[in-house]
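Only one structure is covered here, and it is reproduced in the block below.
2 protein chains.
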Amino acid sequence: MLREHRVRWPEVVAVVDRHGPGSLTYPQLADRVARLATWLARNGAATGHRVLWLGQNSAAILELMLACAQTGAALCIANWRQSPEEMLFTLDDLDPRLIVWQHGAIGATVAEVRSRRNNSAETWLRYDADTGVSEYEAAIAGQSPHDDLPGASPGQPLLLLYTAGFSGKPAASILTQRGIIAQSFCYAAQREFDSSLRYLNATPLFHVATLLDMCAAFLIGGRNIFVPQASAGEMCELIDREGITATFVLPPTIEQMLVENADGRFNLKSLRSLPYNDAWNAMVTLDDSPWGKRPYGYGQTETMGYTTFNAIGAPGIGAMGRPSPIIRMAFVDDAGEPVPDGQVGEIAVRGASVSPGYWNRPEMDAARYTDGWRRTGDLGRREADGSISFIGSKGRLIKSAAENIYPAEVESCIRQLDGVADVAVIGTPDPQWTQSVKALVVLKPESAVTADQVIRHCRARIASYKKPRTVEFLAALPRVNGAMDYARLDADHGGGGYPGTG
Amino acid sequence: MLREHRVRWPEVVAVVDRHGPGSLTYPQLADRVARLATWLARNGAATGHRVLWLGQNSAAILELMLACAQTGAALCIANWRQSPEEMLFTLDDLDPRLIVWQHGAIGATVAEVRSRRNNSAETWLRYDADTGVSEYEAAIAGQSPHDDLPGASPGQPLLLLYTAGFSGKPAASILTQRGIIAQSFCYAAQREFDSSLRYLNATPLFHVATLLDMCAAFLIGGRNIFVPQASAGEMCELIDREGITATFVLPPTIEQMLVENADGRFNLKSLRSLPYNDAWNAMVTLDDSPWGKRPYGYGQTETMGYTTFNAIGAPGIGAMGRPSPIIRMAFVDDAGEPVPDGQVGEIAVRGASVSPGYWNRPEMDAARYTDGWRRTGDLGRREADGSISFIGSKGRLIKSAAENIYPAEVESCIRQLDGVADVAVIGTPDPQWTQSVKALVVLKPESAVTADQVIRHCRARIASYKKPRTVEFLAALPRVNGAMDYARLDADHGGGGYPGTG
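Heads up: the sequence lines are chains S and A, in that order. Each step along the first sequence adds one to the number in the numbering used here, with nothing skipped, and position 8 is 8. With the second sequence counted from 1, adding 1000 to any position gets you the numbering used here.
Written out as structure tokens, the structure is:
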């Protein structure tokens, strides 16, 4: 792709990073990447090996990814906010030949990690310099571009992204060049990205959402602008100065940008954005692409983001739209057999954008992958009109008699009842049935919903054995970082006896 | 894809063909195709075999293509206006196991062909019936859908389309399932096709342009409406009644539709169309997609249509836009080596949408394909800004001393001179240099361009040996079916001595 871009867009600026190489046209980027690839190939980062980026957002991430595509190595973009212990785990797990790191943001952590680690097979290349030319820039400058590198085959790993994993231990999901390209084009079409795109990479590139934006912007021949992190002032200034047309921005940053630009000294009209509040909507241009009108969908890191798009098709019963055209989607029971439409099952996906597996986790691959299908660990439902509902994580399971009950499905059902503000479902030990279902419900002010109404609502909509046996009304439910604190709910409200917990 | 569409779009009408099966939802279409595939598999049309459609536009073309994807056979959609001799050539060349034919349009031709042909290995299945159930419908009704068909692998031939070929004898270009899907998505994005699309198949489906539209409409989950041929009255009526949103319509048909709908009794506002004249523009909705604003590009049947799109990137020097994101493009000399940017070379392409070769033409494959690259036989140039110019067919060649001169390149140069209305370049025999270049020029009214000006214009822009030695001014140039009649120009103006003509 890069070699094509070089001849297609000889005059187009590909990259702007004033904390890095500045402004690069596609031919300039191609030249730097070819030199970097030569350096990688000569320093052990060839086919089958790993390169690790430890730093903030930077043009180096794009350069390293493109260089790895030329040598056949895989690039891992890790969370730079890791503690020394987490970083040591990542290094042990990944076993990279090369680590490119940024002193400015994480110098102290890296110093501690390197003092506790002694691996002569790995090279540490510092990205930033106190003064003069950095090790990274010297590596590029010292090579001439070679044309005879093997290149990655489309199915080889190109990116590795760590996810929480379902065993509690992070695992790196493998993304292939083929998957990244297919997903980028599919996504770019929904967003009506074209070569006039100027994308501001502000949210972390170790998250798949921003990474997908960067890849799509590159693949359609647009421009990627990088800032180390989402800083409202710098973002306002860059949107104005660089004519940024798209970015990914979260509500707290929007609020800061509204304060920063309260006097309107920055012109943010070039930015096509999702609506937020009146002040924001007046400051930017509302995105009228299919995506802009109906954004998001269901996806995972392991699927390079979205597997469904709200923008596909007319609005339907399910809130997650329709499956992406490049994947197939099924809903399966615990035996892996498809459940009938309209029933909740585990979401399974296969197709170009789906990761082929995890780095160095044969047991997770065996648990998650069958005949090319990935079991997502999430529950969903195909509605009568073909649209998709996301129910929740399959994670917690209640056992009643011989039946498996997913609390997420019961919660999703209760949440639809008028007057319910919040809900959590737990299992309580039951000598006869192993567990029984208990719903903890927060009502809206002035709601008069009764326990009996909750139970009858469920019986009318889901299998009878899934309905709560008891309902308790609470003033609020405890959450940690936005996630329901089920451990505390179990402790406070008699939960326990879950399958597999002895 | 079809199995996915069945569950994705359970309520969406996939096909409307009132000369065929009427209106079919995606599940109904999937059911018919599964039965048809079973019939094909039981009647010899399995992997590696060919099915031939001889008829006008019909939902059967889509059904047969989808059924072939399930059995692994390839579908050839042939020009139904062929003479008996041409049809006999097609049958001998293609050696199909099954011919599905339409009595209404070509009954007499088929009768003659079958009387002159006796091949017991082939089955003729009539599509239309005088009364009652046709052979085609009986074949579908008599089978139950099977789930255990092998399916075509993505790289197998799925479609065969005859092109004139460069040897004078038609040859069928092979299109793979992978190529069709990749090209359809790429094209659908340029046109902003989505599942609300209602596409009217009116121009012949044996041409790649309409076929690409049909495939794209199917793949994004839209609706395909079929008419046997482009009839202005039926098209107006269907656009109004079915809410058609897109079609491919040529100027003569537009003129007929303007007459047909002069009283405005049909509402054609649902149709997104390229602009034509004021009356048409007022009758339809102008297409404001990237494609609608800057349509077309350069392509061939052998590339499933466009390899460049005008809609990609800002307007550039070249009139053909930029290469499609799913292909690579190069410009090569006769030895196959790339020429520098800005110089004319033969356009070479490789990538997902490029045909892997011709059916049963090893000598053409050897001449046209090297290391996955297809030499198109057309001349083009990559301009300084990366945009693409199409110069013309490489076909004719003038030999001067040891140099090859492509008349198309010289004509393209002269055409840019102010005051020139039309131009043809021929070679005249030259005892010393083999041939010399002669330009036949038609001037615009009141133009005073001289022969010397033409020659100096060329010398300033192309290699000196390519400039015309003589220039003759004519009132008009002879054309046959829109194509320059070079044979007559040679005869009338002293042309001859071309390489390879003895």
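Positions of the beta carbon are idealized from the N, C-alpha and C atoms, including for glycine.
- Query: Using the beta-carbon count (16 or more within 10 Å), is His1146/A buried or exposed?
  - Reply: So His1146/A ends up on the exposed side.
- Item | Rounded Cβ spacing between Ile1414/A and Ala1448/A (contact assumed at less than 8 Å) | Beta-carbon to beta-carbon, Ile1414/A and Ala1448/A are separated by about 16 Å, too far to satisfy the 8 Å threshold.
- Item | Rounded straight-line distance, which links the Cα of Pro1468/A to that of Pro1499/A | About 18 Å.
- Message: Just to make sure I have the definition right: I need the residues of chain A whose C-beta is within less than 7 Å of the C-beta of Leu219/S. Which are they?
- Response: Pro1325, listed in chain order.
- Task: Pick out the complete alpha helix (DSSP H) segments inside the stretch 1008 to 1069 of chain A, 4 residues or longer, and give them in chain order.
- Result: If we require 4 residues or more, the alpha helix (DSSP H) runs fully inside the stretch 1008 to 1069 of chain A come out as 1026 to 1042.
- Query: Whose Cβ in chain A lies nearer than 9 Å to the Cβ of Ser195/S?
  - Reply: Result: Ile1312, Gly1313, Ala1314, Arg1322.
- Message: In the DSSP output, what is Thr247/S paired with across the bridge?
- Response: The secondary-structure analysis by DSSP pairs Thr247/S across a beta bridge with Leu200/S.
- Closest Cα partner of Asp511/S within the set Ser144/S, Ala121/S, Leu219/S: Given that chain S is displayed from residue 1 to residue 502, the structure contains no residue 511/S and the question cannot be resolved.
- At which residues does the alpha helix (DSSP H) containing Trp1124/A begin and terminate? Per DSSP, Trp1124/A lies in no alpha helix (DSSP H); the unbroken beta strand (DSSP E) holding it starts and ends at 1123 to 1126.
- Look at the alpha carbon of Trp1009/A and the alpha carbon of Gly313/S, and state the distance between them as a whole number of angstroms. When rounded, the distance between both Cα atoms is 9 Å.
- Ser436/S versus His457/S: straight-line alpha-carbon distance, rounded: Annotation: Ser436/S to His457/S spans about 17 Å, alpha carbon to alpha carbon.
- Helix, strand or coil: how does DSSP classify Met283/S here? It is helical.
- Is Thr285/S close to chain A, meaning its C-beta is less than 8 Å from at least one C-beta of that chain? No, its Cβ sits nowhere closer than 8 Å to a Cβ of chain A.
- Could you tell me whether any Cβ in chain S is nearer than 8 Å to the Cβ of Tyr1136/A? For Tyr1136/A, the nearest beta carbon of chain S is not closer than 8 Å to its own beta carbon.
- Three or more C-beta pairs closer than 8 Å, one from the stretch 1365 to 1376 of chain A and one from the stretch 1339 to 1357 of chain A: is that the case here? Cβ pair count under 8 Å is three or more, so yes.
- Item | Contacting positions in the stretch 279 to 306 of chain S - beta carbon closer than 7 Å to chain A | Those would be Pro290, in chain order.
- Going along chain A, which residues have a C-beta under 8 Å from Val7/S? Those are Asp1341, Arg1382, Gly1386, listed as they occur along chain A.
- Determine whether the Cβ of Glu85/S lies closer than 8 Å to any Cβ atom of chain A. Chain A places no beta carbon closer than 8 Å to that of Glu85/S, leaving this residue out of the contacts.
- Assign Arg1133/A to one of three DSSP states: helix, strand, or coil. As written in the sequence, residue 1133/A is Val, which differs from the Arg given in the question. Correct three-state label for Val1133/A: coil.
- State the DSSP-derived secondary structure class of Tyr298/S, mapped to helix, strand or coil. Tyr298/S: coil per DSSP, three-state reduction.
- Task: Assuming Gly179/S and Tyr199/S form a contact by the criterion Cβ under 8 Å, report the distance between their Cβ atoms to the nearest whole angstrom.
- Result: Contact annotation, Gly179/S with Tyr199/S: C-beta distance approximately 20 Å; criterion of less than 8 Å not satisfied.
- Using 8 Å as the Cβ pair cut-off and three pairs as the minimum, do the stretch 147 to 161 of chain S and the stretch 119 to 134 of chain S touch? They do not touch, by the three-pair rule.
- What do you get for Pro150/S, buried or exposed, if any count of 16 or more other CB atoms within 10 angstroms of its CB means buried? The residue is exposed, with fewer than 16 neighbouring Cβ atoms inside 10 Å.
- Starting from Ser1400/A and walking both ways along the beta strand (DSSP E), at which residues does that stretch end? Residues 1398 to 1400.
- Would you verify that the beta carbon of Gly502/S is, or is not, closer than 8 Å to some beta carbon of chain A? Reliability fails at Gly502/S, whose pLDDT of 47 lies under 50, so the model's placement of it is uncertain and the value that follows must be treated cautiously. No, Gly502/S does not count as interfacial toward chain A.
- Run the CB neighbour count on Asn277/S, radius 10 Å, all protein chains shown included, and call it buried at 16 or more, exposed below. Of the residues assessed, Asn277/S falls on the exposed side of the cut-off, its CB having fewer than 16 other CB atoms within 10 angstroms.
- Examine chain S for any beta-carbon lying closer than 8 Å to the beta-carbon of Pro1010/A, and answer yes or no. Yes, Pro1010/A lies at the interface with chain S (some Cβ there is under 8 Å from its Cβ).
- In chain order, what residues of the same chain have a beta carbon less than 8 Å from the beta carbon of Gln190/S, not counting five sequence neighbours either side? Excluding positions up to five away in sequence, the list reads Ser289, Pro290, Trp291, Phe309, Ala311, Ile312.
- Message: Output needed for Arg294/S: all residues of its chain with C-beta closer than 6 Å, excluding positions within five of it in sequence on either side, in chain order.
- Response: Excluding residues within five positions, the ones whose Cβ falls inside 6 Å are Asn310, Ala311.
- Would you check if there are 3 or more beta carbon pairs closer than 8 Å linking the stretch 1261 to 1269 of chain A to the stretch 1331 to 1346 of chain A? No, because fewer than three Cβ pairs between the stretch 1261 to 1269 of chain A and the stretch 1331 to 1346 of chain A fall closer than 8 Å, the two stretches do not touch.
- Message: Only counting the same chain, and skipping five residues up and downstream in sequence, which positions put a Cβ closer than 6 Å to that of Phe1193/A?
- Response: Only residues of its own chain outside the window of five on either side were considered, and among them Ala1216, Ile1220 have a CB closer than 6 Å to the CB of Phe1193/A, listed in chain order.
- Task: Could you tell me which of Val1454/A, Ile1426/A, Arg1381/A sits nearest to Leu1417/A, measuring between CA atoms?
- Result: With distances taken between CA atoms, Leu1417/A lies nearest to Val1454/A out of Val1454/A, Ile1426/A, Arg1381/A.
- Task: Report yes or no: do three or more beta-carbon pairs, one from the stretch 14 to 33 of chain S and one from the stretch 204 to 214 of chain S, lie closer than 8 Å?
- Result: Cβ pair count under 8 Å is below three, so no.
- Query: Taking C-alpha atoms, which residue in Gly419/S, Val420/S, Ile426/S lies nearest to Thr408/S?
  - Reply: Correcting the residue type first, residue 408/S is Ala in the shown sequence and not Thr. The candidate whose alpha carbon is nearest that of Ala408/S is Ile426/S.
- Query: From what residue to what residue does the alpha helix (DSSP H) around Phe1438/A run?
  - Reply: Per the sequence shown, the amino acid found at residue 1438/A is Lys instead of Phe. Premise fails: Lys1438/A lies in the beta strand (DSSP E), 1434 to 1443, not in any alpha helix (DSSP H).
- Over what stretch of residues does the beta strand (DSSP E) that includes Thr1470/A continue unbroken? Run containing Thr1470/A: 1470 to 1473, per the beta strand (DSSP E) assignment.
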